[in-house]
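Participant: One structure, as structure tokens, below. Some questions next.
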Amino acid sequence: MQQEATIWGHPKGLFVLFFTELWERFSFYGMRAILVLYLTQQTTVDNPGLGWTSKEALALYGWYGMMVYFMGIFGGVAADKWLGQKKSVFIGGIFVILGQFSIAIEGLAYFYTGLVLLVIGVGLLKPNISTMVGGLYKKGDSRRDAGFTIFYIGINIGALVAPIIVGTVAEKIGWHLGFSIAGFGMIIGQLVYIGFRKHLAGVGELLKHSKTDAHLANQPLTKIEKDRIIVLLISFLIVIVFWAAYEQAGGLMNLYARDNVNRFIFGWEIPTSYFQSLHALYVVLIGGPMAWLWLKWSKMGKESSAIFKMAVGMIVMSISFLVLMGAVYEASVSALGKSSMHWLLFAYFLHVVAELSISPISLSFITKLAPAKYASLMMGAYFAIVGLGNKAAGMIGGVAQDAGEMTVFGIIAAACLIVGLLLFVLVKKLKAISHGAEDNIETPQVLVEPE
Ligand code: GLN
């Protein structure tokens with residue numbers, strides 16, 4: 001295992017992964033922020049785009065968004081079977097760099113090649129770097145959830161600044177320079193990863209048996225392992241509902257903010273797109289306090305299993321949509337047909353309280369429950385599920401065009417509430433079939449790799 005040197009009480013390796021992923025996300029969200037704008041920009045203006053229709057651009061965006069996460073399954077299998085997580089992250093980073101620079105070159109062939117390279121690169125990198133965070137902590141280490149939350153803050157620092165930097169350069173100077181900057185971001189990430197790899201000694205290596213003892217890798221799962229996989233699969237279902245609700249932010253809530261929210265402050269109208277930075281901003285602001293609160297809660301001896309936190313998250317998510325219903329109501333009775341923006345600011349805040357109770361917690365949970373030989377695959381499957389949630393979000397947003405926001409927000413609030421309550425009921429049962437995977441003590445585990 002890695003040396004015991006720590007920063008803020010966490011292994012130094014956490015900060016290597018923190019900065020690597022920060023820059024990978026800078027590259028990812030920077031590129032994503034300008035993709036649709038570039039596709040739809042006319043071909044005859046200064047700084048021309050590809051001249052696509054919005055519909056075509058959004059379709060590509062949707063597919064790209066789903067594929068990058070879906071590819072996580074491939075990235076997970078590649079890591080479990082051939083590469084180990086550490087090498088997968090490195091190779092993924094190379095693909096991402098090549099992908100960004102390919103898109104930065106003029107010409108459709110380069111554009112499509114770049115997208116394919118990005119899908120492969122993110123698929124290799126994203127799930128595996130997450131699994132490596134878990135690899136920094138021994139079984140039963142109570143710092144694990146907090147470690148994932150710190151890692152998650154890094155993600156969101158990247159997500160927060162990327163659209164501003166890449167977006168400004170791309171729109172004001174040139175698209176291709178914008179894509180290049182996204183590429184440079186990943187180069188920095190890669191340099192951090194290589195330069196400080198000594199802090200990752202022993203983390204993310206290929207398990208010996210996967211390579212040399214094929215028969216051992218084929219050993220059937222034990223009853224405990226199977227039970228734990230069932231718990232994980234159930235938690236994945238929650239994750240779909242959560243992301244389908246959360247990702248309304250970029251679609252339905254975005255349009256709502258544009259058309260039905262009074263965005264004036266001191267006589268200046270806040271551009272609608274600025275609201276898209278709120279999630280990341282809130283994560284950076286409250287990630288630390290939330291991690292602290294959950295840790296304190298668990299130290300008080302209260303129920304703090306991942307399933308419990310997820311249940312709390314779903315209830316908070318439900319409340320956030322009730323808040324949005326308040327906004328729709330206010331808009332419907334106001335003379336101008338607009339609501340004040342406080343509703344939206346508050347709803348986004350609640351989204352992030354829920355996100356921090358679900359997303360980093362799920363990552364941490366997977367690293368506790370997945371059998372070692374399938375650790376990367378389970379993480380990849382998680383991201384594939386996130387991809388499905390994103391796709392579902394787009395579909396739900398589409399329905400709202402006919403059903404109206406009040407109905408759709410109401411349905412989402414109800415769905416989150418039902419899932420949250422169900423989870424509360426099931427906490428005990430699910431904990432029982434997790435067989436102590438979350439216990440914060442060093443217990444001998446049955447699931448270690450077969451020797
Ligand atoms: N915003 C986080 C990230 O980029 C979560 C993404 C997700 O799991 N949907 O990592």
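Residue numbers (my numbering): 1 to 451. Ideal Cβ placement from N, Cα and C applies to all residues, glycine included.
I'd like to confirm the pairing. Which residues does DSSP put opposite residue 11 in its beta bridges?
Facilitator: Paired residues: 6.
Participant: Provide the residue span of the alpha helix (DSSP H) that contains residue 475, from first to last.
Facilitator: No answer is possible for residue 475: the residues shown for the chain start at 1 and end at 451.
Participant: Report whether the distance from the Cβ of residue 96 to the nearest heavy atom of ligand 1 is below 6 Å.
Facilitator: Residue 96 Cβ: outside cutoff for every heavy atom of ligand 1.
Participant: Give the straight-line distance between the Cα atoms of residue 391 and residue 93, rounded to the nearest whole angstrom.
Facilitator: Each residue's alpha carbon lies about 25 Å from the other.
Participant: Less than 7 Å between the C-beta atoms of residue 362 and residue 228, yes or no?
Facilitator: Cβ atoms of residue 362 and residue 228: not closer than 7 Å.
Participant: Throw me the rounded Cβ distance for the residue 246 and residue 349 pair, which I believe falls under 8 Å.
Facilitator: Between residue 349 and residue 246 the Cβ distance is about 13 Å, and since that is not below 8 Å, they are no contact.
Participant: Could you name the residues whose beta carbon sits closer than 5 Å to any heavy atom belonging to ligand 1, keeping them in chain order?
Facilitator: The set, ordered by position in the chain, is 155, 386.
Participant: Which residues in the same chain have their Cβ closer than 8 Å to the Cβ of residue 14, if we skip the five residues on either side of it in sequence?
Facilitator: Counting only Cβ-Cβ distances below 8 Å, and skipping sequence neighbours, we find 7, 133, 136, 147, 150, 151.
Participant: Identify whether residue 261 lies in helix, strand or coil by the three-state DSSP scheme.
Facilitator: Correct three-state label for residue 261: strand.
Participant: Should residue 9 be labelled buried (16 or more other beta-carbon atoms within 10 Å of its own) or exposed?
Facilitator: Residue 9 should be labelled exposed.
Participant: In terms of alpha-carbon separation, which member of 265, 44, 45, 35 lies closest to residue 59?
Facilitator: Checked all of 265, 44, 45, 35; the closest Cα to residue 59 is 35.
Participant: Under the assumption that residue 309 contacts residue 359 (Cβ atoms under 8 Å), give the Cβ distance between them as a whole number of angstroms.
Facilitator: That pair is no contact at about 11 Å.
Participant: In angstroms, rounded to a whole number, what distance separates the CA positions of residue 95 and residue 121?
Facilitator: Their backbone Cα atoms lie some 5 Å apart in a straight line.
Participant: Which two residues bound the contiguous alpha helix (DSSP H) that contains residue 203?
Facilitator: No alpha helix (DSSP H) contains residue 203, which DSSP labels as neither H nor E.
Participant: Tell me which residue opens and which closes the alpha helix (DSSP H) that residue 149 is part of.
Facilitator: Run containing residue 149: 144–172, per the alpha helix (DSSP H) assignment.
Participant: To the nearest angstrom, how far is the alpha carbon of residue 181 from that of residue 421?
Facilitator: Each residue's alpha carbon lies about 45 Å from the other.
Participant: Tell me the DSSP bridge mates of residue 340?
Facilitator: 262, per the DSSP bridge assignment.
Participant: How about residue 128 and residue 79: do their beta carbons lie closer than 7 Å?
Facilitator: Yes, the Cβ-Cβ distance between residue 128 and residue 79 is below 7 Å.
Participant: Where DSSP assigns a beta bridge to residue 268, which residues make up the other side?
Facilitator: According to DSSP, residue 268 bridges with 265.
Participant: Under 7 Å between the Cβ atoms of residue 236 and residue 385?
Facilitator: Yes. Within cutoff.
Participant: Output yes or no for whether 7 Å exceeds the beta carbon distance between residue 70 and residue 183.
Facilitator: Result no, Cβ atoms of residue 70 and residue 183 do not sit closer than 7 Å.
Participant: Based on Cα-Cα distance, which residue from 353, 406, 375 lies nearest to residue 330?
Facilitator: For residue 330, the nearest C-alpha among the options comes from 406.
Participant: Please classify residue 259: is it buried, with 16 or more other beta-carbons within 10 angstroms of its beta-carbon, or exposed?
Facilitator: Exposed: under 16 other Cβ atoms inside 10 Å.
Participant: Which of helix, strand or coil does DSSP assign to residue 360?
Facilitator: Residue state, collapsed to three classes: helix.
Participant: Please report how far the alpha carbon of residue 224 lies from the alpha carbon of residue 144, in whole angstroms.
Facilitator: Roughly 21 Å separates the two Cα atoms.
Participant: For residue 294, which residues from the same chain have a beta carbon less than 7 Å from its beta carbon, with the 5 sequence-adjacent residues on both sides left out?
Facilitator: Hits under 7 Å: 145, 304, 309.
Participant: If we ignore side chains and look at the alpha-carbon of each, how far apart do residue 26 and residue 165 end up?
Facilitator: Roughly 9 Å separates the two Cα atoms.
Participant: Based on Cα-Cα distance, which residue from 87, 365, 193 lies nearest to residue 234?
Facilitator: Taking only the C-alpha atoms, the option nearest residue 234 is 365.
Participant: In three-state DSSP terms, what is residue 106?
Facilitator: Residue 106 falls in the coil class under three-state DSSP.
Participant: So, is residue 275 buried or exposed, given that buried needs 16 or more other C-beta atoms within 10 angstroms?
Facilitator: Its Cβ being crowded by 16 or more others within 10 Å, residue 275 is buried.
Participant: Only counting the same chain, and skipping five residues up and downstream in sequence, which positions put a Cβ closer than 6 Å to that of residue 412?
Facilitator: Closer than 6 Å at Cβ, skipping near neighbours: 245, 321.
Participant: Is residue 497 helix, strand or coil when you go by DSSP?
Facilitator: Here the chain covers residues 1 to 451 and nothing more, so residue 497 does not appear.
Participant: How long is the line joining the alpha carbons of residue 19 and residue 197, rounded to whole angstroms?
Facilitator: Distance between the alpha carbons of residue 19 and residue 197: 12 Å.
Participant: Using only the alpha-carbon positions, how far apart do residue 289 and residue 280 sit?
Facilitator: Using only the alpha carbons, I get a separation of about 15 Å.
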